[in-house]
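In my numbering, the protein residues as written are 3 to 240.
All residues carry an ideal CB built from backbone N, CA and C; glycine is no exception.
Structure, as structure tokens:
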């Protein structure tokens, strides 16, 4: 009997060790939260879980992760249906597509909602989801509640932090001139190719002047919108 008891204790001891190994510290990479979400239960859950958070007034989306590389719009199932019916959703999704990667988080389950609101058939709600996925090519993440959403945000930040740690520096290159070296540095930023890098160098001459340029100056030269300029500026601060 004692032998069986010890074996059972060993099983639970091993399980606990595995569980401890699976636990990861909260990511250092910040989760940027729109100031309008400051008092939300999601923010409260992120604070409780000791996530690294920052508040900014966001023109697009509710959350930004990976220094503006990932934009996330969060809606309850009721919000999602309402914004679809009043035609606001297409514009919101179009703006969300300005970021390199994007998600739409939907809190709650549509079949529960359709049962409570018989005027909306569950197939109509499914059609809305299909439109988001096919017409806008935006992934949808379903969460149960605010705490579940907070967990998803932390896991997303953790994933991008791991990717960053695995990212290798671009291969070394022999430069014929200082201009080529400047161009190489600029083209390391997302959204900057040879054409824009040459335009920036021609206009500002030095990297310091480019990095210190105002939003209006960058908009005039690159034709970027404010969200792309925001990504560029945030990367400079990282």
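Boundaries of the beta strand (DSSP E) in which residue i is found, first to last residue
i, result
"residue 34", "33-36"
"residue 144", "142-145"
Contacts around residue i, its chain only, beta-carbon distance under 7 Å, and the 5 residues preceding and following it disregarded
i, result
"residue 151", "44, 76, 107, 109 and 145"
"residue 103", "71 and 72"
Opening and closing residue of the alpha helix (DSSP H) in which residue i lies
i, result
"residue 187", "180-188"
"residue 234", "228-239"
"residue 213", "209-213"
"residue 221", "217-224"
Cα-Cα separation, residue i to residue j
i, j, result
"residue 38", "residue 59", "8 Å"
"residue 32", "residue 239", "12 Å"
"residue 187", "residue 193", "13 Å"
"residue 89", "residue 153", "30 Å"
"residue 159", "residue 40", "19 Å"
"residue 219", "residue 225", "10 Å"
Own chain residues within Cβ distance below 6 Å of residue i, not counting five before or after
i, result
"residue 138", "95"
"residue 141", "105"
"residue 101", "73"
"residue 149", "47"
"residue 223", "201 and 205"
Residue i - DSSP class collapsed to helix/strand/coil
i, result
"residue 195", "coil"
"residue 201", "helix"
"residue 30", "coil"
"residue 40", "coil"
"residue 154", "helix"
"residue 131", "helix"
"residue 206", "helix"
Cutoff 8 Å; reference residue i; Cβ partners in own chain excluding five residues on either side
i, result
"residue 191", "234 and 237"
"residue 189", "195, 196 and 199"
"residue 227", "100 and 221"
"residue 78", "108, 109 and 110"
"residue 1", "An answer regarding residue 1 cannot be provided, because it is not within the stretch 3 to 240 covered by the chain."
Completely contained beta strand (DSSP E) runs for the region 42-125, where each covers 3 or more residues | Secondary structure remark: continuous beta strand (DSSP E) runs of at least 3 residues inside the region 42-125, in chain order: 55-58, 65-67, 72-78 and 103-109.
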